[in-house]
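Asker: Would you mind keeping the following structure in view while I ask a few things?
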Amino acid sequence: MNTLSQNRRTFLRSSSALVALPFLESAGFRPFVSAAAPATPPKRLAFLGVGFGFTRDTWYPDSKITGSDYQLSEGLSPLERHKSDITVIQNLSNQYNNEAHWGSTFWLTGANRYAEPGQSFHNTISADQVAAETLGKETRFTSVQLGYKGGDNGHGPGLSLAWNRQGKPMAGYDTPVAAFHRLFSDDKTPLAERQAALLQQRSVLDTVLEDAKSTSRGLTKADTDKLDEYFQSIREIETRLSKEEEWLDVPKVRPSEPIKEPGAGLEGVEEVKMMYDLMIAAMQVDASRVFTYRQPLDTFIRSMGATITSHNMSHYSEGARKEVSRERDLKQSELFAHFIDRLKAIKEANDTTLFDNTTVTLGSNINSIHYLTNCPTVVTGRGAGVQHGRHLVMKDPKTPLCNLWLSLLKGSGIDVESHGDSTGQIEELFGAV
Amino acid sequence: MKFFQAKFILLTLVLNVAPCGAADVPKALMPESHFAVFDKYCIECHDSLTTEGEVNLDELSFNIDSIQSAEMWQKVLNVINSGEMPPEDKAQISQKEKTLFLDDLSHQMVVAREVLSDSGGVITMRRLNRREYENTVKDLLGVEIDASDLPDDANSGGFDTAGNSLFFSSDQFEQYLKLARTALDEAFVFGKQPERRQAKVEVEEGINTRFQKLSSKIEKDFKRAEEWRATEGKKEPSDFDFIDENDVRFHERLYNQQFATYERYLSQENSKSGAMLNLLFNGAVVPTIAVPKNWPPGDYLLKVRIATLPGAESHQHFVEYGEIAANVRSGEMAVFGCVKVSASLEEPQILEIPVSVTKAGSRTFGLRQRQPNSRDAARYTFLQSQIKSGAGPNPALWIDWLELDGPIVESWPPRSTTSIFHKGMWWNQGDQSVYAREVIEQFTRRAFRIKEPSAAFIEKLYGLYEIETKKDKKFHEAIREPLAVVMASTGFLYLIEPSPGQKKKELTDLELAVRLSYFLWSAPPDEALYAVARRGELKDPAKLGWHTNRMLNDPKADEFISRFAHQWLHMERLDFFQFDFKQFPKFDESVKEAARQEVYQTIRKILNENRPLSDLLKADHIVVNDVLADYYDIEGVTGGEFQKVSLPANSPRGGLTGMAAILAMGSDGTRSSPVERGAWVMRKLLDDPPPPAPANVPQISRLSGQLLSPREMQKAHMEEAQCAQCHRKIDPIGFGLQNFDAAGIWRDTLELKKVVKKKVRQKKVIPIDASGQLPNREAFADYYGLRDRLAEQSDVFARGFTESLIEYGLGRPYGFSDESLRERILKQAAAKDGEMRQFIHALIQSKPFRTKK
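In structure tokens form, the structure reads like this:
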């Protein structure tokens, strides 16, 4: 298997731009200038949210056949070559979500929209941000949120999949170009100037805080809470500046072969593929260890030739709309298979690959059409110790999705006791069914 | 008897959600009649003794008054909707009981959620939303910015003015800084006033040379191919400079696709003196003019000498103008507008189109004959015509020349510069550091509207200026940084209404001025409004009313009209779909844009002419421009301006239900959707929104794949209580609009098609039966009847409109505690013939609008 990846490495390139992935050894990679390369590669987590769910009768494997003898469904068939390295889980859901078009808002949080009296919207921290609090300490980017430009696409409110400790939405990079520049472009200015620039940025923050403090006087409770978002944002930037200061003399690591900037107009399938490749590249150079990707769906199906919207597709009936939905499922799985190919192809220390140290979940809070039970869930990667190659159908048809997040967090070495409405870990993930 | 029954139902409904006195909190009550359903089907397993699945319905209050009981009721709703309960082996709830139960419960859940999340009228301090931010920057700097990297703040279901939903993220802070720096760079203009100049292009020169080259090359290659063909395989294609036989075929194809079009073009007399606008196999004839490199950004006039060609139909007399980005393919452009050409070749006309040249833009402008805005669609149109004529569609328009004239400067240095450097250029000032402090302070006050910047803040801003000067920056470069920081500060970004020590207070005159101008203009107050507020006179009802009228009459209120209407009527749906160009060749981008404008412009006319709100339900006139009149087949309308046109008595137009935009929103770009349209009418015209689509309802799969009419589909919906609870009300309204196709054109029959793998497998044409009924059982026989029944409901329409207006204007969700406010507004407006303008007056004069809570 490994030899295949070795060879594939040389030609598995994005079709539209060249994001070459180096061996870490050859890039002379070290996460800290002061610290030696870690003896064991770091744990990583990635979450891929697809918005509207999949086609009900062709995406889910037959729930009667569980364990390792199951058959991949039509929609998952492009993952056949990775069958022993993925886990398909059924019967997970978020008990509080009643919003039939919100596939991402509560996907990683499990929150109850109405939990706060006098408020019509409430959310809590997402699993990726819990992970970032630990895994993000040692990397240049605490976490990376990827997204797209344009409509709702079945995701629901939110700026990315991520929600911070305060339950407020976190922004992401909306285009491959933006992500590329943030992750890989180096500031060419001399060190002294960059130090001065950081200092100047701190003065800017200090200045706006002065004004914000005077604004906060005499506000009502609701206004104070609102203004707190501003303070929180400034604090986040301060934290980031501190980090940048630490990393100031460490150049951004680029993959050793030249990386080309992604094309500006990339949309749909090509855009998703490029984002996947950028995630892989960022993992490889350890720019970050926590990733979320809120994926486009309108442009996704349009780039495959459909003329309907993703919402329309999600209400498929027999005929044209269902065909679009099934084609979309296939393409999604093809891209996911490509993503896994890449994970397996990139070598890390201790004779491992990215695949051995990373855990990726692909899914949505929406099952299919307007169904919110049995959220589609595929997990891959060995970073959290999941025993793959199996089809798990939870006995309790309403097992909290947060039990999965808790399991993956704990499996990745995060010290948490619960997440959202979790009731415990999913033991089946780690051992015999 | 029936009549009484209907009235009775209405009465109980009203009682259930009756506006109680302002102090009373409305209740979400499940009618006790549903005890029976619990008794019969649920209690056996879910009473206090058995509590199967930890659900105890014995103690569940039928008054849904807490988050806990709402959660339990939500569970009940979910399991019945999904068919999970009652379990298969137990007695099943009858369809009738279930329909009524679900109908009541889903509605009461909406009430309960609203009651439980009612903030009691609290207005949360609001950040400028994206468009307010853009307008405010324009007001401050005179510069138009592109803020599309900021979140668009569109709020699903609500308005983008709802303070509570306007979040702030660290990424945004950085965007604000970046945008401010760019905007300031553009605002700083120094040096001499640029001279106004003209550049003219005789368009035929470039086009003819290019076409001659292309056609002679195509012809030469074709002849070479013929020569090889003549050898009948005795010689190799390479002997004739072809790679292989495929290469030969490629050149033959090229000839067949394109040669005749170029030949015809070049042979026509009119191509010698100008450009004939035409579709080509590869794009279109697009005469262009580029702004010379050394001409500065600014406002210019694009002048075009143009005429129609003989033989063209009037539908083809429209020319589109726009910007041509670098590297687009032939025929592609970013369309700014579309205008009808009326002059003939004997007496061409000169169009003058104002365009603005920016630093970043492409700086190339062009015109083309109106065409579908997608290459696929344009090629399809070309090929359809090529089959008949051999050379594609006939050109309909002729352009003699293009001219650019500008920049047109109103004052120099521009206001953007003088308003920042208020005492003139820094090189004329004595002590630059003193002037810097002055500029910073003056700018901050202006940017902060009414907030007094603290001395410490100004000091720190000055510090930022000093840091920059130490880097050897020039004055205007160094001053940019503190000014940009002002534009990322709370005083600029938030609408602040402090109320020290108290929860509720009357707004100051200045605060009222700001709230008013962001309501009606989505922009800061102008000098006149500030002045009256500073004098402490704005709170005077007469003055407040006078300024309300003045501001509504100002073109800046178009922002309120369009953005309010867009969100109130859920017009984002108009952009959800790409319309199939083969099916709707006439519904192109220009028509879609004009259709969107029709909604806004109709409201504008209603406001300007003090017409009643109910004009939106039914009217004997229509407000259209030339493009839309052409689409509606209404004659005698010229010019791009929207104008009022009387309608014949039997016209289906006149009123929202006859507008192309509204009808297109109720489709999926291919088919009209009675469900979408019916639900929209209930939400927007009848103030009776169906509850949100329930999750987990089993899909009716029995009928999948069959060729069913919408009415047959509805019948199926009626079989399942989960569907019937809403669809029994929604669908019958939607049927009344079936005479309009997906793009809003009238039809008498309906074509049903079954498409499998992009092929039509089955087809059937049925007559349209547009009869139906409103939820209040008022029946109608056809579309005209529906429109009349709706027009009779102008009271409930006004109620829904008022609730949305309150929500938009106060920047918070409409709550039950607003009912007395709503009733007062309705009463005041009714006293003045229901004039739309009076609703706005009544809200602005109301206490909640003048109070911070």
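Line by line, the protein sequences give chains A and B. Counting from 10, one number per residue, gives the positions in the first sequence under the numbering used here. Counting from 1058, one number per residue, gives the positions in the second sequence under the numbering used here. Using N, Cα and C, we set each Cβ at its ideal position, and we do this for glycine too. Here the structure is a predicted model, which is why all the values come from computation and not from measurement.
Is A:V278 close to chain B, meaning its C-beta is less than 8 Å from at least one C-beta of that chain?
Answerer: Not an interface residue.
Asker: Which residues in chain B have a C-beta closer than 8 Å to the C-beta of A:M283? List them in chain order.
Answerer: Neighbours of A:M283 on chain B: none; closest Cβ ~19 Å, over 8 Å.
Asker: Applying the 10 Å Cβ sphere with the 16-neighbour rule, what's the burial state of B:G1220?
Answerer: Buried: at least 16 other Cβ atoms inside 10 Å.
Asker: Quick one: Cα of A:Q80 to Cα of A:G398, how far?
Answerer: In a straight line, the C-alpha of A:Q80 is about 11 Å away from that of A:G398.
Asker: When DSSP builds the beta bridges, which residues end up paired with A:T386?
Answerer: Answer is A:I98, A:G372, bridged to A:T386.
Asker: Using a 10 Å radius around the Cβ and a threshold of 16 neighbouring Cβ atoms, would you call A:V217 buried or exposed?
Answerer: With 16 or more other Cβ atoms within 10 Å, it is buried.
Asker: By DSSP, does B:A1504 sit in helix, in strand, or in coil?
Answerer: Looking at B:A1504 - three-state DSSP - the assignment turns out to be helix.
Asker: Taking a Cβ distance cut-off of 8 Å, strictly less, list which residues of the region 377-394 of chain A are near chain B, in chain order.
Answerer: Cβ contacts with chain B: I378, H379, Y380, L381, T382.
Asker: How about B:P1251 and B:V1466: are their beta carbons less than 8 Å apart?
Answerer: Yes, these two residues count as a Cβ contact at 8 Å.
Asker: Grouping DSSP H, G and I as helix and E and B as strand, with all else coil, what is B:D1632?
Answerer: In this structure, B:D1632 counts as helix in the three-state DSSP scheme.
Asker: From what residue to what residue does the alpha helix (DSSP H) around A:M284 run?
Answerer: Segment 278-293, the alpha helix (DSSP H) holding A:M284.
Asker: Leaving aside the five residues before and after B:T1345 along the sequence, list all residues of the same chain whose C-beta is less than 7 Å from its C-beta, in chain order.
Answerer: Contacts found: I1381, T1421, F1422, G1423.
Asker: Just verifying my parser: in three-state terms, what is the DSSP assignment at B:L1173?
Answerer: Three-state result, B:L1173: helix.
Asker: Only counting runs of 4 or more residues, tell me where the alpha helix (DSSP H) segments fall wholly within the region 186-266 of chain A, in order along the chain.
Answerer: Entirely contained in the region 186-266 of chain A, the alpha helix (DSSP H) runs reaching 4 residues are, in chain order, 200-224, 230-255.
Asker: Is B:A1453 near B:A1400, with beta carbons less than 8 Å apart?
Answerer: Against a cut-off of 8 Å, the Cβ pair of B:A1400 and B:A1453 comes out as no contact.
Asker: Looking at the secondary structure, which residues open and close the alpha helix (DSSP H) in which B:E1283 lies?
Answerer: 1261-1287 is the extent of the alpha helix (DSSP H) around B:E1283.
Asker: What's the C-alpha gap between B:L1739 and A:L236?
Answerer: Going by the sequence as given, residue 1739 of chain B is Met instead of Leu. Their backbone Cα atoms lie some 38 Å apart in a straight line.
Asker: Closer than 6 Å by C-beta to A:L85: which residues in its own chain qualify, once you throw out the five before and the five after it? Chain order, please.
Answerer: Closer than 6 Å at Cβ, skipping near neighbours: S342.
Asker: Would you say A:S25 faces chain B, with C-beta separation under 8 Å as the test?
Answerer: Here A:S25 scores only 31 on pLDDT, less than 50, and its place in the model is too uncertain to base an answer on.
Asker: With a cut-off of 8 Å, does the C-beta of B:K1649 fall near any C-beta of chain A?
Answerer: No, B:K1649 lies away from the interface with chain A (no Cβ there is under 8 Å from its Cβ).
Asker: If you run the structure through DSSP and keep just helix, strand and coil, what is B:S1861?
Answerer: Reduced to three states, the DSSP call for B:S1861 is helix.
Asker: What does B:P1251 touch in chain A if you count any residue whose Cβ is under 8 Å from its own?
Answerer: Within chain A, no residue comes near B:P1251; the closest Cβ sits about 31 Å away, beyond 8 Å.
Asker: Should the region 299-309 of chain A be regarded as contacting the region 53-70 of chain A, the criterion being three or more beta carbon pairs within less than 8 Å?
Answerer: A contact exists between the region 299-309 of chain A and the region 53-70 of chain A.
Asker: Assuming contact is defined by CB atoms lying nearer than 8 Å, are A:M179 and A:A171 in contact in what I supplied?
Answerer: Yes, the pair counts as a contact, with Cβ atoms nearer than the cut-off.
Asker: Exposed or buried, A:S72, counting other C-beta atoms within 10 Å across all chains shown (16 or more means buried)?
Answerer: So A:S72 ends up on the exposed side.
Asker: What are the start and end residues of the alpha helix (DSSP H) that includes B:G1548?
Answerer: Residues 1547-1550.
Asker: Tell me whether B:R1321 sits in a helix, a strand or coil according to DSSP, three-state version.
Answerer: It is helical.
Asker: So, using beta-carbon positions, are A:L306 and A:N162 closer together than 8 Å?
Answerer: Contact flag set, yes.
Asker: If you run the structure through DSSP and keep just helix, strand and coil, what is B:Q1406?
Answerer: Strand, per DSSP.
Asker: Let me see if you follow: with CB-CB separation under 8 Å, is A:V217 close to chain B or not?
Answerer: Cβ-Cβ to chain B under 8 Å: yes for A:V217.
Asker: Measure from the C-beta of A:A221 to each C-beta in chain B and report whether the shortest distance is under 8 Å.
Answerer: Yes, A:A221 counts as interfacial toward chain B.
Asker: Should the region 1663-1672 of chain B be regarded as contacting the region 1720-1740 of chain B, the criterion being three or more beta carbon pairs within less than 8 Å?
Answerer: Counting Cβ pairs under 8 Å, fewer than three are found: no touch.
Asker: CB-CB under 6 Å to B:Q1911, same chain, minus the five flanking residues each way: which ones, in chain order?
Answerer: Residue 1911 of chain B cannot be examined here, being either before or after the span of chain B that is shown, 1058 to 1910.
Asker: If you pair each beta-carbon of the region 1776-1786 of chain B with each one of the region 1713-1729 of chain B, do three or more pairs fall below 8 Å?
Answerer: With the cut-off at 8 Å, the region 1776-1786 of chain B and the region 1713-1729 of chain B do not touch.
Asker: So with CB distances below 8 Å, who are the chain B contacts of A:N132?
Answerer: Within 8 Å Cβ-Cβ: nothing; A:N132 doesn't reach chain B, min ~11 Å.
Asker: Excluding five sequence neighbours on each side, which residues of the same chain lie with their C-beta closer than 8 Å to the C-beta of B:Y1689?
Answerer: Answer for B:Y1689: I1679, V1681, R1710, A1717, listed in chain order.
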